[in-house]
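For the sequence shown, the positions run 26 to 241 when the numbering used here is used.
Virtual Cβ for every residue (Gly too), placed ideally from N, Cα, C.
Here's the structure, in structure tokens; my notes come after.
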Amino acid sequence: MQNFVIDILLNYSVTIAALIAVFRLKPIFQSYYPFILFIWLGLINETLSLLLIYKFRTNTANSNIYVLLEYCLILLQFHKWQGIKRGRLYLMISIGFIAWVTDNLIINSIVDNNSIFRIYYSFIIVFLSIDQISKIIITERGGLLKNTKFLICIAFLTYYGCKAFIEVFNAFHLGFSDMFNRNIFMILYFANLFSNIVYAIAILCIPTKQEFSLQY
26 MQNFVIDILL
36 NYSVTIAALI
46 AVFRLKPIFQ
56 SYYPFILFIW
66 LGLINETLSL
76 LLIYKFRTNT
86 ANSNIYVLLE
96 YCLILLQFHK
106 WQGIKRGRLY
116 LMISIGFIAW
126 VTDNLIINSI
136 VDNNSIFRIY
146 YSFIIVFLSI
156 DQISKIIITE
166 RGGLLKNTKF
176 LICIAFLTYY
186 GCKAFIEVFN
196 AFHLGFSDMF
206 NRNIFMILYF
216 ANLFSNIVYA
226 IAILCIPTKQ
236 EFSLQY
């Protein structure tokens, strides 16, 4: 029970970023809207998961649907950053959808705790984040700790790197004890906390729209 409460508190740390996004939405560039929607969707899913756990003792169905939406939004965000061309974006979404259907509707059930798609899309996000970070380091000037793209990609790299590693334990049923499995997933919860804090800082650093006026 104590671990469950800790899990909830750590996961709900996304609320900070979501609230900041509400106040900063209007003046920021639309190219960051997929990321903002990703933040809000995460908060909505956490709330829905909590309600379903209390009522039905499980949140696997909505979580399995959520990860597909999350994957698409993150790909769209990289496309907005010109990290993925339009044709490649459609291809990656299509492959991801096929992987999701295979994992959740063919091999397993949508009400199961499935990991194949989660491992797949976590590696995709890690590779895209590394590529984006490399471009930022080469092309961008100024402090990286105030660079929104850099901060978001560092958060992606941290969380989805941990997620890809940890989901392997869930996918292959390696026979470890329940205590070990709970502890290994606790690493993911703290990685989520770190990422949510970085998301909040990144939103504060998103460039605002500039007002233009005619020169006389």
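For residue i, the residue or residues it bridges with in DSSP
{"i": "Thr173", "result": "Looking at the DSSP assignment, Thr173 forms no beta bridge with any residue, so it has no partner."}
{"i": "Thr233", "result": "Ile53"}
Cutoff 6 Å; reference residue i; Cβ partners in own chain excluding five residues on either side
{"i": "Val136", "result": "Thr85, Ala86"}
{"i": "Ala216", "result": "Thr183, Tyr184, Cys187"}
{"i": "Tyr57", "result": "Ile231"}
{"i": "Ala189", "result": "Ile144, Ser147, Phe148"}
{"i": "Glu192", "result": "Ser140, Arg143, Ile144"}
{"i": "Ser119", "result": "none"}
{"i": "Cys178", "result": "Ser154, Gln157, Ile158"}
Chain-order list of residues whose beta-carbon lies under 7 Å from that of residue i (same chain, five-residue window excluded)
{"i": "Ile150", "result": "Ile99, Phe181, Tyr185"}
{"i": "Glu165", "result": "Asn172"}
{"i": "Leu229", "result": "Ile45"}
{"i": "Pro59", "result": "Leu98, Leu101, Gln102, Lys105"}
{"i": "Leu68", "result": "Val39, Thr40, Ala43"}
{"i": "Ser74", "result": "Asn84, Asn87, Ser88"}
{"i": "Asn133", "result": "Asn139"}
DSSP three-state assignment for residue i, whether helix, strand or coil
{"i": "Ser140", "result": "coil"}
{"i": "Tyr37", "result": "coil"}
{"i": "Asn129", "result": "helix"}
{"i": "Glu95", "result": "helix"}
{"i": "Thr72", "result": "helix"}
{"i": "Asn221", "result": "helix"}
{"i": "Arg166", "result": "coil"}
{"i": "Lys80", "result": "helix"}
{"i": "Lys110", "result": "coil"}
{"i": "Ser134", "result": "coil"}
{"i": "Ser202", "result": "coil"}
Cβ neighbours of residue i in the same chain (closer than 8 Å, five flanking residues each side left out)
{"i": "Leu170", "result": "Leu176"}
Beta-carbon separation (whole angstroms), residue i vs residue j, contact threshold 8 Å
{"i": "Thr233", "j": "Ile53", "result": "6 Å"}
{"i": "Tyr214", "j": "Leu76", "result": "Contact flag wrong, Cβ pair sits at about 19 Å."}
Between the region 208–223 and the region 35–45, do three or more beta carbon pairs fall short of 8 Å? Verdict: yes, contact present.
With a threshold of 8 Å, are at least 3 pairs of Cβ atoms found where one atom belongs to the region 55–66 and the other to the region 76–95? yes
Looking at C-beta atoms only, is the number of pairs between the region 153–163 and the region 104–116 that lie closer than 8 Å three or more? yes
Contact between the region 110–130 and the region 138–149 (3+ Cβ pairs under 8 Å): yes
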